[in-house]
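Asker: Residue 423 is where the sequence shown starts when you use our numbering, and the numbers rise one by one after that.
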Amino acid sequence: MKKIKASLLILAFLAVSNIYAQDRYQATWESLSKYKTAEWFRDAKFGIFIHWGVYSVPAFGSEWYPREMYQANSAEYKHHVATYGPQSKFGYKDFIPMFKAEKFDPKAWVELFKKAGAKYVVPVAEHHDGFAMYKTSLSKWNAFDMGPHRDVVGELAAEVKKQGLIFGLSSHRIEHWWFFNGGKKFDSDVLDPKYDAYYGPAHNEDETMSPEYMNDWLMRDMELVNNYQPQLVWFDWWIEQPALTPYRKSFAAFYYNKAQDWNKEVVINYKNSSYPDGVAVLDLERGKLGEIRPQAWQTDDAIGNQSWGYTTTNTFKDARYVVTNLIDIVSKNGNLLLNIGPKSDGTITEQETQVLLGTGKWLEVNGEAIYATRPWKVYGEGPTKSASGSFADQKVPFTWKDVRFTTKGDVLYVTALGSPNGELGVKSLSLKSGNGKIAAIKMLGNDQKVSWKQNDSELTIEPSKNYPSEYAVSYAVTFVH
423 MKKIKASLLI
433 LAFLAVSNIY
443 AQDRYQATWE
453 SLSKYKTAEW
463 FRDAKFGIFI
473 HWGVYSVPAF
483 GSEWYPREMY
493 QANSAEYKHH
503 VATYGPQSKF
513 GYKDFIPMFK
523 AEKFDPKAWV
533 ELFKKAGAKY
543 VVPVAEHHDG
553 FAMYKTSLSK
563 WNAFDMGPHR
573 DVVGELAAEV
583 KKQGLIFGLS
593 SHRIEHWWFF
603 NGGKKFDSDV
613 LDPKYDAYYG
623 PAHNEDETMS
633 PEYMNDWLMR
643 DMELVNNYQP
653 QLVWFDWWIE
663 QPALTPYRKS
673 FAAFYYNKAQ
683 DWNKEVVINY
693 KNSSYPDGVA
703 VLDLERGKLG
713 EIRPQAWQTD
723 DAIGNQSWGY
733 TTTNTFKDAR
743 YVVTNLIDIV
753 SKNGNLLLNI
763 GPKSDGTITE
773 QETQVLLGTG
783 KWLEVNGEAI
793 YATRPWKVYG
803 EGPTKSASGS
813 FADQKVPFTW
823 KDVRFTTKGD
833 VLYVTALGSP
843 NGELGVKSLS
853 LKSGNGKIAA
863 IKMLGNDQKV
873 SWKQNDSELT
883 IEPSKNYPSE
893 YAVSYAVTFV
903 H
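Here it is as structure tokens:
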């Protein structure tokens, strides 16, 4: 009897194992197309991006300072020579000991991100400069062995998870192939063979990457996944190189299979057409879409206008811009990944802190109309044209006459992108629209009765004398069944 039971258990185990094996991802587009976008990502809507590295020490120009300082006659080149001396005597590597991160407090950072209403956090693990912000076995040029002598990514990962947010990370490693190539054209430390392991390969952009370099890219990404178990991995645009296609496939298969092992949902963010629709989640840099996209997508944008990393001359968006554009993005099935650029000592600028707190204050009242919502039949209406595409800031500000729609269950949320000081007209909710007869309307964060009427041409909502929050006002609309 015991033998029969044991045999049945073995057969059951083999059957389950066989099914499990069949469900494993292979490095083919056909297999990877089985991927389903993580529900946590679709519900989260708002995350924090962090560009922090050695480039925060010179704090000049942008996070591309390490490249531009080797581009003859650039503003960064001239600034560098005037401030630090010639690149042959003081190169980018010489900023590393100055990058001390002495005030870096991951607990305080994550507490701020939670107050901002963010649900996930994505630090840059390695930027184009090739300096890893984590403990790695693949390069000595990292924050654990040099500079701060701390595993920055590891400390953040632990704190993000401890405080109940989702941890992700981003890799810009692939662009390092050509990032320092300007330093080969004049007398600079990029030419010193002692630093080949850091500045190299420094090839031209039109040179096809070597298999060794692409394999190194893959190994670094796999190491990050194994060591920190991120639920989101964000890649910059240059992974779209045709030569990297098999490596992109291999990484996705590896990562999605790891997610199965962890029993967690994960996301890969890509730009342009590096992955086919449905295999990963599209990301648009400093831009957004003009219409609803059936598949989930994301905008990555920075509070800083000129730079993603810290500079002394950066200017900043305000909380109203962030809130109204978050609402616009969410209404079109997107997420907002909002970037900050901390100072080299590990402190977050006062301007960015205030924008994050202002955003969180609005979400505390109106988050019901954002989190875990889905798009409606149309994203919205109003006189202001929405920006569309990558690198397309919303240059014309939204007004209270612009409205956006989101849904959750039987509730439709109507959000005015400002505080109405007159009748708010919503044509999409007229009696003749066919979208339903309204039963009730409630303003989020305010228990006062909302005065409204629905006729054949539009829904009109009377202005309130007491709006519960700045920047935008959300109404929960229910219909007669």
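The beta carbon of each residue, even a glycine, is placed where N, CA and C say it ideally should be. None of these values were measured; they are calculated from a predicted model.
Three or more beta-carbon pairs under 8 angstroms between the region 713-722 and the region 757-772, yes or no?
Answerer: Output reads yes: the region 757-772 touches the region 713-722.
Asker: How do the region 490-504 and the region 544-561 stand: do at least 3 beta-carbon pairs fall below 8 angstroms, yes or no?
Answerer: Short answer: they don't touch.
Asker: In chain order, what residues of the same chain have a beta carbon less than 7 angstroms from the beta carbon of Lys887, not counting five sequence neighbours either side?
Answerer: Result list for Lys887: empty, nothing under 7 angstroms.
Asker: Starting from the C-beta of Glu524, find all residues in its chain whose C-beta is less than 6 angstroms away, skip the five residues before and the five after it, and write them out in chain order.
Answerer: Contacts found: Asp767.
Asker: For a minimum of 4 consecutive residues, which ranges assigned as the alpha helix (DSSP H) are wholly contained in the region 633-689?
Answerer: Listed in chain order, the complete alpha helix (DSSP H) runs (minimum 4 residues) inside the region 633-689 are 633-650, 667-684.
Asker: For a quick check, are the C-beta atoms of Tyr897 and Val836 less than 8 angstroms apart?
Answerer: The answer is yes: Cβ separation under 8 angstroms.
Asker: So Ile883 and Leu846 are in contact, right, with Cβ under 8 angstroms, and what is the actual spacing, rounded?
Answerer: Contact holds; Cβ gap of about 4 angstroms.
Asker: Please work out which residues of its chain come closer than 6 angstroms, Cβ to Cβ, to Phe463, disregarding the five sequence neighbours upstream and downstream, and give them in chain order.
Answerer: Answer for Phe463: Val689, listed in chain order.
Asker: For Phe676, which option in Ser696, Val655, Trp659, Lys693 has the closest C-alpha, if you only look at C-alpha atoms?
Answerer: Of Ser696, Val655, Trp659, Lys693, the residue nearest in Cα terms is Val655.
Asker: Nearest to Glu533 by CA position, among Lys583, His549, Ser484, is which residue?
Answerer: Of the candidates Lys583, His549, Ser484, the one whose C-alpha sits nearest the C-alpha of Glu533 is Lys583.
Asker: Pull up the distance between the alpha-carbon of Asn637 and that of Tyr669, whole angstroms please.
Answerer: The alpha-carbon atoms of Asn637 and Tyr669 are separated by roughly 8 angstroms.
Asker: Locate the alpha helix (DSSP H) running through Trp784, then write down its first and last residues.
Answerer: Run containing Trp784: 772-788, per the alpha helix (DSSP H) assignment.
Asker: Any idea if Ala460 is buried or exposed, counting beta-carbon neighbours within 10 angstroms, 16 or more meaning buried?
Answerer: So Ala460 ends up on the buried side.
Asker: For Ala443, I'd like the list of residues in its chain whose CB is within less than 6 angstroms of its CB, leaving aside the five on either flank, ordered along the chain.
Answerer: Only weak support is given to the placement of Ala443: the predicted model assigns it a pLDDT of 48, under 50, and the question is left unresolved by the model.
Asker: For Asn564 and Pro633, I'd like the C-alpha separation in whole angstroms.
Answerer: Straight-line Cα distance between these residues: approximately 23 angstroms.
Asker: So, using beta-carbon positions, are Asp551 and Phe482 closer together than 8 angstroms?
Answerer: No, Cβ-Cβ distance for Asp551 and Phe482 is not below 8 angstroms.
Asker: Going by C-alpha to C-alpha distance, which of Leu454, Arg446, Gln448, Phe471 sits closest to Asp705?
Answerer: When only C-alpha atoms are compared, the closest one is Phe471.
Asker: If you measure between the beta carbons of Ala862 and Gly709, is that distance less than 8 angstroms?
Answerer: No.
Asker: Just reading off the alpha helix (DSSP H) that Val574 is part of, what are its end residues?
Answerer: It spans 574-584 - the alpha helix (DSSP H) in which Val574 sits, taken as one unbroken run.
Asker: Tell whether a beta-carbon distance below 8 angstroms holds between Val543 and Gly475.
Answerer: Against a cut-off of 8 angstroms, the Cβ pair of Gly475 and Val543 comes out as no contact.
Asker: Would you be able to state if there are at least three C-beta pairs under 8 angstroms between the region 792-806 and the region 844-859?
Answerer: In short, these stretches touch, since the Cβ pair count reaches three.
Asker: Closest to Lys467 by C-alpha separation, out of Val744, Ser841, Val899, Val777, would be which residue?
Answerer: The shortest C-alpha separation from Lys467 is found at Val744.
Asker: Hey, could you find the ends of the alpha helix (DSSP H) Asn747 is sitting in?
Answerer: Asn747 -> alpha helix (DSSP H) spans 741-753.
Asker: On the criterion of 16 or more Cβ atoms from any shown chain inside 10 Å, does Arg642 qualify as buried, or is it exposed?
Answerer: Buried, since its Cβ has 16 or more Cβ neighbours within 10 Å.
Asker: Pull up the distance between the alpha-carbon of Lys807 and that of Glu713, whole angstroms please.
Answerer: Using only the alpha carbons, I get a separation of about 11 angstroms.
Asker: Got a sec? Which residues, its chain only, sit under 7 angstroms from Phe608 by beta carbon, not counting five neighbours each side?
Answerer: The residues are Ala494.
Asker: Under a Cβ-count criterion, where at least 16 other Cβ atoms within 10 Å of its own Cβ denotes burial, should Ile432 be classed as buried or exposed?
Answerer: For Ile432, the predicted model reports a pLDDT of 47, less than 50, meaning its position is unreliable; a value from the coordinates is still stated below. Exposed: under 16 other Cβ atoms inside 10 Å.
Asker: In three-state DSSP terms, what is Pro545?
Answerer: Strand, per DSSP.
Asker: What does the alpha-carbon distance come out to for the pair Ser439 and Leu613?
Answerer: Note that Ser439 scores 41 on pLDDT, short of 50, meaning its location in the model is unreliable; the coordinates nonetheless yield the value given after this. Computed Cα separation, rounded: 54 angstroms.
Asker: With contact counted as at least three CB pairs below 8 angstroms, one residue from each stretch, are the region 615-624 and the region 567-587 in contact?
Answerer: Segments in contact, no.
Asker: Cutting at 6 angstroms between CB atoms, please list the residues of its own chain near Leu785, excluding the five before and the five after it.
Answerer: Contacts found: Gly539.
Asker: Going by DSSP, what residue range makes up the beta strand (DSSP E) through Ala530?
Answerer: No beta strand (DSSP E) holds Ala530; the alpha helix (DSSP H) holding it covers 528-537.
Asker: Use the C-beta contact count for Gln870: other C-beta atoms within 10 angstroms, 16 or more gives buried, fewer gives exposed.
Answerer: Exposed, by the Cβ-count rule.
Asker: In three-state DSSP terms, what is Asn603?
Answerer: Looking at Asn603 - three-state DSSP - the assignment turns out to be helix.
Asker: Taking the runs of the beta strand (DSSP E) that are 3 residues or longer, which of them lie wholly in the region 468-524?
Answerer: You should have 468-472.
Asker: For Asn691 and Val479, I'd like the C-alpha separation in whole angstroms.
Answerer: About 28 angstroms.
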